[in-house]
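Heads up, the thing below is written out as C-alpha cells.
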Amino acid sequence: MSTPSHNYSAIVIGAGSTGSAVAHDLTLRGFAVTVVERGEIASGTTGRNHCLLHSGGRYCVKDQESAIECIEENMILRKIMPDALELNGGLFVAITDSDMDYKPLFLEGCEACNIPHKELTADEALKLEPNLNPEVKAAVWVPDGVFEPMRLCLSFLATAKSHGAVVRPFTEVKGLLMEGGRVTGVHVWDRIENKEFDIHADVVINAAGPWAEAIAEMAGIDVPVVPTPGVMVSMTGRHNQRVINRLNKSSDGDIVVPQRETSIIGTSSWKVEDADYIEIPEDHVRLMYERGAEMLPVLKSVSPRGIFTVARPLIGSRGEAEGRELSRTFKCFDHADEGVEGFVTISGGKTTTSRAMAETTVDVVCKKFGLEIPCTTRDTVLLSYRAFYTL
Ligand SMILES: Cc1cc2nc3c(=O)[nH]c(=O)nc-3n(C[C@H](O)[C@H](O)[C@H](O)COP(=O)(O)OP(=O)(O)OC[C@H]3O[C@@H](n4cnc5c(N)ncnc54)[C@H](O)[C@@H]3O)c2cc1C
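Next comes the structure, spelled out in C-alpha cells:
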C-alpha cells in the first residue's frame, strides 16, 4: 500500500510500547515522525514489566472493557509480530474451595469477553505443569503468552524507521515549545553529545508513560495519570512452561510468568508521586514469595535472582480508588479541549494493548488535521526487531 501523501510532521515523546506503536501508526498514515526518548528504547515501564501477553483472563470478571481489549490485541499481535512473542498459553489454577467458587464467574467472564478457554482436570493440569501445587483442584487454559519488551518496541520502531521515522534514544525533553496557545515542538537535551536544541513539528504526542503528567505540566496542563507501581520477584530457574495465574479475583502475587530461564512472581499495586524513585516495600516482596509458592511450591526452595518495581501509568486521580481498583483501560487526551493546540497525551492501557492505543491516538491526530486516513496496523506485519539496527 502506498503511503498517504501530506506534509504533516509529528514528535512522539517516549519509546516505550505506547510511543513505539504510535510512531509506527503515524508513519503508515503519512506523517514525518521523530521519536525522542530520554533513555534507551523500552527503558521505562515497558522494559521492566511482567511481560504477559494478556489473554484478558485477569480482567474478565471485574474489568471487561480491558479484558476485551486484551484478547483482541493478543490475537492481532500474534499475526503481526513475528519474533517478539512466546506463545506458550496460560493456566488459571484453583487451589482452594474459594478458587473453585470463583470458577463459574471466570468461565462466564471468558464467554462474555470472547476469550478462548478450556477447562482442565487437576490431573491434566499437573501433567502439563508438574510443579503445580499437588492440591490443585482444577484449571482453565487461556491463550496467554509472553512478550520480549525490547523486541516488541524495536519491531514497531524498525517498521517506523523503514517508513522514514527518526528515532533518537538518549534525547530528553526538557521543555515544550509554545507559540500562542499551540505546542510547536520540543526543546531537548541530547545526552550522548551533551547538546541542547529544538525540534519542531505540527503535533507533539506525549507517550511518556508514568512521566506523562510531568510532560503535560510543561504546557500547563494537568493530565490524570497516576503512577501505580507493582513489585516483581524473579526466581532462579524456569519452573513453569506456561503462565500460571490464580483462579480468583485479581490480587497480589497471583501470577508467575516464565521468562526465558526464570519464573517471575508478581505483582502488587499502590500509588506513588514520583515514578523515578520507588521504594520496594519489604512486605510486598514477602507476599510474592508466599503467594507464588501457593501455586508452585518449588518456589519455596529456590533463591531470587532479582527484585524489581516499575510504575503503571494508570488513568485516574490520586484521590480516587486504590491502585488495584483503577481500570487498566487507556485514554487519549486532545489538549485542544483545554485550549492547547498541537498536543495530545496517550496513557493507561498495557503493553498488550499498545497497538490499539496507537490506533486511537493517531485517529485523534488525523482528525485534528482533517485527514481521513484509515488505520492499517491491524494487518501490517512488522519487521523483525533485528532490522532496527540495520536500517
Ligand atoms: C508491575 C507492572 C507489571 C506489568 N505487567 C504487564 C504485563 O505483564 N503485560 C502488559 O501488557 N502490561 C503490563 N504492565 C503495563 C505496561 O507495562 C504499561 O502499560 C506499558 O509499559 C506502558 O508503556 P508506555 O510506553 O506508555 O510507558 P513507558 O514504557 O514508561 O514509556 C514511556 C517512556 O517515556 C520516556 N520519557 C519519560 N520522560 C521523558 C522525557 N522528558 N523525554 C523523553 N522521554 C521521556 C521514558 O524513559 C519511557 O521510556 C505492567 C505494569 C506494571 C507497573
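Residues in the sequence shown are numbered consecutively from 666, following our numbering. Note that CB positions come from ideal geometry on N, CA and C, so glycine has one too.
Supposed contact pair residue j and residue i - C-beta distance, whole angstroms, cut 8 Å
i	j	result
residue 797	residue 961	7 Å
residue 838	residue 886	Not really, about 14 Å apart at Cβ, beyond 8 Å.
residue 777	residue 725	7 Å
residue 923	residue 811	7 Å
residue 809	residue 722	7 Å
residue 940	residue 875	4 Å
residue 829	residue 697	6 Å
residue 1012	residue 890	5 Å
Strand pairing of residue i, partner residues [DSSP]
i	result
residue 644	The first residue shown for the chain is 666 and the last is 1056, placing residue 644 beyond what the model contains.
residue 838	853
residue 833	701
residue 923	928
residue 978	892
residue 973	897
residue 997	1011
Whether residue i touches residue j by CB criterion (8 Å)
i	j	result
residue 921	residue 929	yes
residue 720	residue 676	no
residue 823	residue 1049	yes
residue 814	residue 895	no
residue 998	residue 1009	yes
residue 817	residue 746	yes
residue 791	residue 801	yes
residue 900	residue 932	no
residue 842	residue 851	yes
residue 908	residue 972	no
residue 673	residue 913	no
residue 680	residue 707	yes
residue 710	residue 975	yes
residue 884	residue 1000	yes
residue 671	residue 1047	no
Exposure label - residue i; buried when at least 16 CB within 10 Å
i	result
residue 865	exposed
residue 771	buried
residue 919	buried
residue 1015	buried
residue 1057	For residue 1057 there is no data in the structure shown, the boundaries of the chain being 666 and 1056.
residue 1039	exposed
residue 668	exposed
residue 1053	buried
residue 730	exposed
residue 703	buried
residue 942	exposed
residue 821	buried
residue 705	exposed
residue 878	buried
residue 902	exposed
residue 734	buried
residue 888	buried
residue 795	exposed
residue 769	exposed
residue 1034	exposed
residue 956	buried
residue 934	buried
Cutoff 8 Å: residue i Cβ touching any chain D Cβ
i	result
residue 781	Absent from the structure: chain D. Only one protein chain is present.
ask   = How do the stretch 994-1014 and the stretch 846-857 stand: do at least 3 beta-carbon pairs fall below 8 Å, yes or no?
value = yes
key: At least 3 beta-carbon pairs within less than 8 Å: the stretch 730-749 vs the stretch 857-877   = no
task = Please confirm if the stretch 1019-1028 is in contact with the stretch 677-696, defined as three or more CB-CB distances below 8 Å between the two stretches.
result = yes
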